[in-house]
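Below: one structure, written as structure tokens.
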Amino acid sequence: MTRVFHWREQSPAIAGLGVDWGFTSTRGGSSVGDFASLNLGGNVGDDPCAVESNRALVAGALDVQRDHLLFMSQCHGSDIAFVDRPWQGEPPAVDGLVTTSTDLALAVLVADCTPVLLVDRVAGVAAAVHVGRPGMMAGIVGRAVDAMADLGARSISAVVGPSVCGRCYEVPEVMRTQAAKISPVASAISWQGTPAIDVAAGVVDQLRARSVVVQWIAGCSRESEALFSYRRRHRTGRFAGFVRLLQAHTEGGV
Ligand SMILES: [Zn+2]
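So in this note's numbering the end of the sequence shown lands on 251, straight run, no missing numbers.
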């Protein structure tokens, strides 16, 4: 079977709720050409029918109805939206979603940016966050942690997904200096020896500063054909990070 997921973990409910979270790959979908084959991004030049077919495929794999797999209208901002039901109309223009529902799967689309998934299984709160360089600079993961805390989260675990690595993200010196002021570990050196930024390292640093337990998934989107990368090829698809809380099973009187 074609490997749809770059990484996935399905952890059943033990103490608190379970969680199903992970990241899709470029494989197993029906898009062709520059978007082959599991492109989940709309408005990138792909056939909308193929995108919808791919989104339905992922929803099926996550065992949710298609309209319960929620994508946001990402805009490199720092706003987080709470959601407890399928969208009525257009998705909100935000870069983070938070839910307490076990019926919804939250998705974040990327092609070099850092997808961050968060969960507190005891409190029953989950979040998906899109973090590009602007989001790291604005501290969007801290805002997501705050939004989760408002819903009762006290012990948060995160998975930071594959993104463009520090070696592959060359930037002007002034940009690296600005990033280093936010998080020193975001300062990097490119394969060419020029200034670069490691956004994901900065994000991991920001999460740990908030006492979040972090698991960082290996993989550089620019270097791996199993992931979409805007820096490798501008006309390309988007892969997704997703997170879904799983209901505790109560049969058998346990
Ligand atoms: Zn790289």
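Ideal Cβ positions, reconstructed from N, Cα and C, are used throughout, including at glycine.
Check threonine 97 in the structure and name its three-state DSSP category. coil
For ligand 1, which residues count as neighbours when the test is a C-beta closer than 7 Å to any heavy atom? Screening all residues for a C-beta within a distance smaller than 7 Å of any heavy atom in ligand 1 leaves Val161, Cys162, Arg164, Cys165, Cys217, Arg219, Glu220, in chain order.
Sequence-distant residues of its chain with Cβ nearer than 7 Å to phenylalanine 68 (five each side left out): Counting only Cβ-Cβ distances below 7 Å, and skipping sequence neighbours, we find Pro88, Ala104, Leu106.
Return the residue from the list Val113, Ala108, Pro83 that minimises the CA-CA distance to threonine 99. Of Val113, Ala108, Pro83, the residue nearest in Cα terms is Pro83.
Use the C-beta contact count for glycine 250: other C-beta atoms within 10 angstroms, 16 or more gives buried, fewer gives exposed. With a pLDDT of only 45 at glycine 250, under 50, the local geometry of the prediction cannot be trusted, and the value read off the model is given with reservation. Counting every other CB atom within 10 Å of its CB across the protein chains shown gives glycine 250 a total below 16, marking it as exposed.
What are the boundary residues of the beta strand (DSSP E) that proline 112 is part of? 111 to 117
Alpha carbon of aspartate 143 to alpha carbon of glycine 57, nearest angstrom: 31 Å
Run through DSSP, which three-state label would glycine 199 get? helix
Is it the case that the region 171 to 190 contacts the region 112 to 123, given that we only count it when at least three CB pairs across the two stretches are under 8 Å? no
At the level of alpha carbons, what is the spacing between valine 211 and glycine 129? 18 Å
Indicate the three-state DSSP secondary structure (helix, strand or coil) for phenylalanine 32 in the structure shown. helix
For phenylalanine 239 versus threonine 23, is the C-beta spacing smaller than 9 Å? Their beta carbons are not under 9 Å apart, which means phenylalanine 239 does not touch threonine 23 by this criterion.
Do you know offhand how far glutamine 244's Cα is from threonine 97's? 11 Å
Residues bridged to threonine 21 (per DSSP): Phe2
Which partner residues does leucine 67 have in the DSSP bridge list? Leu103
Just verifying my parser: in three-state terms, what is the DSSP assignment at serine 50? Serine 50 carries a helical assignment under DSSP once its states are collapsed to helix, strand and coil.
Does DSSP put valine 251 in a helix, a strand or coil? Note that valine 251 has pLDDT 43, beneath the 50 cutoff, so the model's placement of it is unreliable and the number below is only indicative. Correct three-state label for valine 251: coil.
Determine the direct distance from the alpha carbon of proline 112 to that of valine 209, and round the result to whole angstroms. 15 Å
On the premise that tryptophan 188 lies in contact with arginine 280, defined as a C-beta separation below 8 Å, what is that separation, rounded to the nearest angstrom? This structure gives no information on residue 280, because the portion of the chain shown stretches from -2 to 251.
Measure the alpha-carbon distance for leucine 101 versus glutamine 71 and round it to whole angstroms. 18 Å
For serine 50 and glycine 13, I'd like the C-alpha separation in whole angstroms. 33 Å
For a quick check, are the C-beta atoms of tryptophan 4 and glycine 190 less than 9 Å apart? no
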